[in-house]
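Engineer: This note's numbering puts the first residue of the sequence shown at 32, with every later residue one more than the last. Even glycine gets a Cβ: it sits at the ideal position worked out from N, Cα and C.
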Amino acid sequence: MKYLLIITMLLSGSMAFAQTDDPVIMTIAGQPVARSEFEYSYNKNNAEGVIDKKTVEEYVDLFINYKLKVKAALDAKLDTMSSYQKEFRTYRDQQIVPSFVSDADMEREAQKVYASTKESIGPRGLIMPAHILVMLNQKATDAEQKAGKQRIDSIYNALKQGADFAELAKKVSQDPGSAQNGGVLPWIGPNQTLKEFEDAAYALQIGEMSKPVQSPAGWHIILMKDRKQLEPYDSLRADIFRFLESRNARDYLANAAVDSIAKQRNISRDELLDERSAELQEKDTDLDNLVREYHDGLLLYEISNRMVWDKAAKDEAGLANYFKKNSKKYKWDEPRYKGMVYHVKDKKDVKAVKKSVKGLAFNKWADKLRHTFNNDSIIRIRVEKGIFKKGDNAFIDKMVFKKDTTVTAVKDYPIDAVYGKLLKKGPEEYEDVKGLVVADYQEELEKAWVADLRRKYSFKVNQDVLKTVNKH
Numbered sequence: 032m033k034y035l036l037i038i039t040m041l042l043s044g045s046m047a048f049a050q051t052d053d054p055v056i057m058t059i060a061g062q063p064v065a066r067s068e069f070e071y072s073y074n075k076n077n078a079e080g081v082i083d084k085k086t087v088e089e090y091v092d093l094f095i096n097y098k099l100k101v102k103a104a105l106d107a108k109l110d111t112m113s114s115y116q117k118e119f120r121t122y123r124d125q126q127i128v129p130s131f132v133s134d135a136d137m138e139r140e141a142q143k144v145y146a147s148t149k150e151s152i153g154p155r156g157l158i159m160p161a162h163i164l165v166m167l168n169q170k171a172t173d174a175e176q177k178a179g180k181q182r183i184d185s186i187y188n189a190l191k192q193g194a195d196f197a198e199l200a201k202k203v204s205q206d207p208g209s210a211q212n213g214g215v216l217p218w219i220g221p222n223q224t225l226k227e228f229e230d231a232a233y234a235l236q237i238g239e240m241s242k243p244v245q246s247p248a249g250w251h252i253i254l255m256k257d258r259k260q261l262e263p264y265d266s267l268r269a270d271i272f273r274f275l276e277s278r279n280a281r282d283y284l285a286n287a288a289v290d291s292i293a294k295q296r297n298i299s300r301d302e303l304l305d306e307r308s309a310e311l312q313e314k315d316t317d318l319d320n321l322v323r324e325y326h327d328g329l330l331l332y333e334i335s336n337r338m339v340w341d342k343a344a345k346d347e348a349g350l351a352n353y354f355k356k357n358s359k360k361y362k363w364d365e366p367r368y369k370g371m372v373y374h375v376k377d378k379k380d381v382k383a384v385k386k387s388v389k390g391l392a393f394n395k396w397a398d399k400l401r402h403t404f405n406n407d408s409i410i411r412i413r414v415e416k417g418i419f420k421k422g423d424n425a426f427i428d429k430m431v432f433k434k435d436t437t438v439t440a441v442k443d444y445p446i447d448a449v450y451g452k453l454l455k456k457g458p459e460e461y462e463d464v465k466g467l468v469v470a471d472y473q474e475e476l477e478k479a480w481v482a483d484l485r486r487k488y489s490f491k492v493n494q495d496v497l498k499t500v501n502k503h
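Here it is, written out as structure tokens:
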């Protein structure tokens, strides 16, 4: 009994310590939120460079609203959608999959690459040749072949008489990649180039030059610059690792390991990654917060799109009603011209254009004009349509606002005309300032939604713990 009592006391002490180590800072809709989660969110959204930084106290309401929206998304079961699960796993697995490959795995892969390379090079080693190339098409005529042979022989004779190989290569070699480097090629090993070139090159000692050698590319004169055996593994290790990283070898090995382990255990890839994610999140607070951020952030986007962003943008009646109630806030400080300036070739089209759009809604003009006047290969009119203030368009300035300004005639369309109306006080319908109205309507929907969430769900902040944020 005494032993049991001691164990109970120790457990109680451990539990108390765990609670104070990362205490509950608030409870939202019945779910406790640890201080570490709040700190992660606060610090990330108030880092250096953030324009509108918040104090801890100011951030509390924003965080509560965020968590309430996530709760609403969960209640709507948005996390069960296959599209959501696929996107969430894509983000999460970018963090989890790499855990299946260790530095030791990468070391073994690097040693495999070295061993394979060494085996392919064999005792012949590596060579660094320089060459001068006279290109010759494999289907060259007899005359072309004769001219090519004469040219390479001429170059060879010049070299035999003391001409500088590098300078001559720069001037006459038809291999542009190596010519600019004096004909020098990078280190090559067996089976990396044309057989005829390789056989002739490997037969040379350092400083020795070949006679003209013919290959499918043409004629070569080869000078052996250097030879060596492959360096020891340790001296090439860094280069091999860079090569592996450039080929995404770590990702390849990790994904292969995931597939292999899942097959051995007879479970799905997703099940295995779910398990590994839970294990790693339990050990790593930063990862736990990051994965939660993926999870909640995607839910927040989906629910916000449904309740605010997309809803407002598509609610034509709601937008019109909002504009009607708040039209005064969209008044202009100067008149605007709602219409178009257009340019035509034929004087008859001046009236025809006006007639075609008369009585049509402003947002229908473009389609009507395109189908009526520019529906085939012949472009009859050029149009600039919009809501213009002074200074936006030279033609509008001159023809509507009567400003003394210079206009540049549109080539091939010498006749200019305008059609529309002058709005002196402000927009006449919400489409005239749609971007502003949509943004304001979204803000109104957002406020109403948040107010509803705050009535629907309970939340409570532990002020004592809040005071310890970033101070423990």
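#1: Let me know the alpha helix (DSSP H) ranges lying completely inside the stretch 264-308, each 4 residues or longer, listed in chain order.
#2: Report yes if the CB atom of K369 is closer than 8 Å to the CB atom of D463, and no otherwise.
#3: Can you give me the start and stop residues for the beta strand (DSSP E) that F490 sits inside?
#4: Would you report the Cα separation of L476 and G422, rounded to the nearest angstrom?
#5: Only counting the same chain, and skipping five residues up and downstream in sequence, which positions put a Cβ closer than 7 Å to that of W480?
#6: Tell me whether the beta-carbon of R367 lies closer than 8 Å to the beta-carbon of F419.
#7: Excluding the 5 residues flanking V203 on each side, which residues of the same chain have their C-beta closer than 7 Å to its C-beta?
#8: Taking the alpha-carbon positions, what's the T437 to M430 distance?
#9: Would you list the one or two residues that DSSP bridges to K452?
#10: Where DSSP assigns a beta bridge to G417, which residues make up the other side?
#11: Using only the alpha-carbon positions, how far apart do V441 and H374 sit?
#12: Would you check if the stretch 244-259 and the stretch 110-128 touch, i.e. whether three or more CB-CB distances between them fall below 8 Å?
#13: Which residues does DSSP list as the beta-bridge partners of K376?
#14: I want to know whether the stretch 481-488 touches the stretch 89-109 - three or more CB-CB distances under 8 Å.
#15: Alpha carbons only, please: which of W396, H402, G457 and V381 is nearest the one belonging to G417?
#16: Keeping to the same chain, check which residues put their C-beta closer than 8 Å to that of V372; ignore five residues upstream and five downstream.
#17: Alpha carbon to alpha carbon, how far is M57 from K465?
#18: By alpha-carbon positions, which one of V289, K294, R296 and N297 ends up nearest to S308?
#19: Using CA atoms only, rank isn't needed, just tell me which of F432, L167 and K455 is closest to G179.
#20: Return the residue from the list L275, R485 and Q181 that minimises the CA-CA distance to V165.
#21: Would you decide whether E68 is buried or exposed? Buried here means 16 or more other CB atoms lie within 10 Å of its CB.
#22: Three or more beta-carbon pairs under 8 Å between the stretch 139-154 and the stretch 256-274, yes or no?
#23: Just the C-alpha distance for V492 and I298, rounded to the nearest angstrom, thanks.
#24: If you count every other CB in all the chains shown that lies within 10 Å of the CB of P504, and 16 or more means buried, which is it?
#25: Would you mind working out which of N406, Y71, V55 and D83 sits nearest D317, comparing C-alpha positions?
#26: Taking the alpha-carbon positions, what's the Q223 to R300 distance?
#27: Skipping 5 residues on each side, what residues in its chain have a beta carbon closer than 7 Å to that of I292?
#28: What does the alpha-carbon distance come out to for the pair T39 and P54?
#29: Please specify which runs of the beta strand (DSSP E), each continuous and at least 3 residues long, are wholly inside the stretch 130-212, giving them in chain order.
#30: Could you check whether the stretch 310-326 touches the stretch 105-125, counting it as contact only if at least three pairs of C-beta atoms, one from each stretch, sit closer than 8 Å?
#31: What does a CB cutoff of less than 7 Å around L311 pick up in its chain, not counting 5 residues either side in sequence?
#32: Give the DSSP bridge partners of A351, in chain order.
#33: Beta carbon of V240, beta carbon of I219: below 8 Å?
#34: For L35, count the other beta carbons within 10 Å of its own beta carbon; 16 or more makes it buried, fewer makes it exposed. Which is it?
#35: Is K399 closer than 8 Å to V381 when the C-beta atoms are compared?
Structural biologist: On the basis of the data shown:
#1: Complete alpha helix (DSSP H) runs here, min 4: 264-277 and 280-296.
#2: As a first step, residue 369 must be located in the sequence shown, where it is residue number 338. As a first step, residue 463 must be located in the sequence shown, where it is residue number 432. Taking 8 Å as the Cβ cut-off, K369 and D463 qualify as a contacting pair.
#3: The residue given as residue 490 occupies position 459 in the sequence shown. Where F490 is concerned, the enclosing beta strand (DSSP E) stretches over F490 to V492.
#4: Here residue 476 is taken as the residue at index 445 of the sequence shown, counted from 1. Here residue 422 is taken as the residue at index 391 of the sequence shown, counted from 1. One Cα belongs to L476, the other to G422, and the distance between them is close to 36 Å.
#5: Here residue 480 refers to the residue found at position 449 of the sequence shown. The answer, listed in chain order, is M338 and V339.
#6: Against the sequence shown, residue 367 aligns to sequence position 336. Against the sequence shown, residue 419 aligns to sequence position 388. Taking a C-beta distance under 8 Å as the contact criterion, R367 and F419 qualify as a contact pair.
#7: Taking the first residue of the sequence shown as 1, we reach residue 203 at position 172. Non-local C-beta neighbours of V203 in its own chain, meaning closer than 7 Å and more than five positions away in sequence, comprise I163 and I186, ordered along the chain.
#8: Position 406 of the sequence shown, counted from the first residue, corresponds to residue 437. Position 399 of the sequence shown, counted from the first residue, corresponds to residue 430. Each residue's Cα considered, the two are about 11 Å apart.
#9: Sequence index remark: in the sequence shown, residue 452 carries index 421 (1-based). Its beta-bridge partners are K369.
#10: Within the sequence shown, numbered from 1, the residue matching residue 417 stands at position 386. Its beta-bridge partners are G370.
#11: Within the sequence shown, numbered from 1, the residue matching residue 441 stands at position 410. Within the sequence shown, numbered from 1, the residue matching residue 374 stands at position 343. Going from the Cα of V441 to the Cα of H374 covers about 7 Å.
#12: These segments do not touch.
#13: As a working mapping, residue 376 is identified with position 345 in the sequence shown. Looking at the DSSP assignment, K376 forms no beta bridge with any residue, so it has no partner.
#14: Under the Cβ criterion (8 Å, minimum of three pairs), the stretch 481-488 counts as touching the stretch 89-109.
#15: Position 386 of the sequence shown, counted from the first residue, corresponds to residue 417. It is W396 whose Cα lies nearest to the Cα of G417.
#16: In the sequence shown, counting from the first residue as 1, residue 372 sits at position 341. Cβ within range, chain order: V414, E415, N424, F426, I427, M430, D447, A448 and V449.
#17: Against the sequence shown, residue 57 aligns to sequence position 26. Against the sequence shown, residue 465 aligns to sequence position 434. Going by the C-alpha atoms only, they are around 40 Å apart.
#18: Translated into positions along the sequence shown, residue 308 becomes position 277. The shortest C-alpha to C-alpha distance from S308 to any of V289, K294, R296 and N297 is the one to V289.
#19: Within the sequence shown, numbered from 1, the residue matching residue 179 stands at position 148. Taking each of F432, L167 and K455 in turn and checking the Cα distance to G179, the smallest one comes out for L167.
#20: As a working mapping, residue 165 is identified with position 134 in the sequence shown. Closest by alpha carbon: Q181.
#21: As a first step, residue 68 must be located in the sequence shown, where it is residue number 37. Flag for E68 reads buried.
#22: Because the criterion of three Cβ pairs below 8 Å is met, the stretch 139-154 and the stretch 256-274 touch.
#23: Here residue 492 refers to the residue found at position 461 when the sequence shown is read from its first residue. Here residue 298 refers to the residue found at position 267 when the sequence shown is read from its first residue. Linking V492 to I298 through their CA atoms gives a straight-line distance of about 42 Å.
#24: The chain is shown from 32 up to 503; residue 504 falls before or after that span and cannot be answered.
#25: Position 286 of the sequence shown, counted from the first residue, corresponds to residue 317. Ranking the options by Cα distance to D317, first place goes to Y71.
#26: Here residue 223 corresponds to residue number 192 of the sequence shown, with the count starting at 1. Here residue 300 corresponds to residue number 269 of the sequence shown, with the count starting at 1. So the alpha carbons of these two residues sit roughly 40 Å apart.
#27: Along the sequence shown, one-based indexing puts residue 292 at 261. These residues qualify, in order along the chain: L303.
#28: Looking up residue 39 in the sequence shown gives position 8. Looking up residue 54 in the sequence shown gives position 23. For T39, the predicted structure reports a pLDDT of 31, less than 50, and the residue's modelled location is therefore unreliable. The matter cannot be settled from this model.
#29: Complete beta strand (DSSP E) runs here, min 3: 157-166.
#30: At 8 Å Cβ cutoff, the stretches touch.
#31: Your numbering for residue 311 matches position 280 in the sequence shown. Cβ neighbours of L311 beyond the five flanking positions: I127, S130 and L318.
#32: In the sequence shown, the residue the question calls residue 351 occupies position 320. Answer is none; A351 lacks a bridge partner.
#33: By 1-based counting over the sequence shown, the position of residue 240 is 209. By 1-based counting over the sequence shown, the position of residue 219 is 188. The question names Val, but residue 240 in the sequence shown is Met. No Cβ-Cβ contact shorter than 8 Å links M240 with I219.
#34: Position 4 of the sequence shown, counted from the first residue, corresponds to residue 35. Residue confidence for L35 is low, a pLDDT of 32 falling below 50, so the modelled location carries little weight; the figure read from the coordinates is stated next. Under this definition L35 is an exposed residue.
#35: The count along the sequence shown starts at 1 and reaches residue 381 at position 350. The count along the sequence shown starts at 1 and reaches residue 399 at position 368. No. Outside cutoff.
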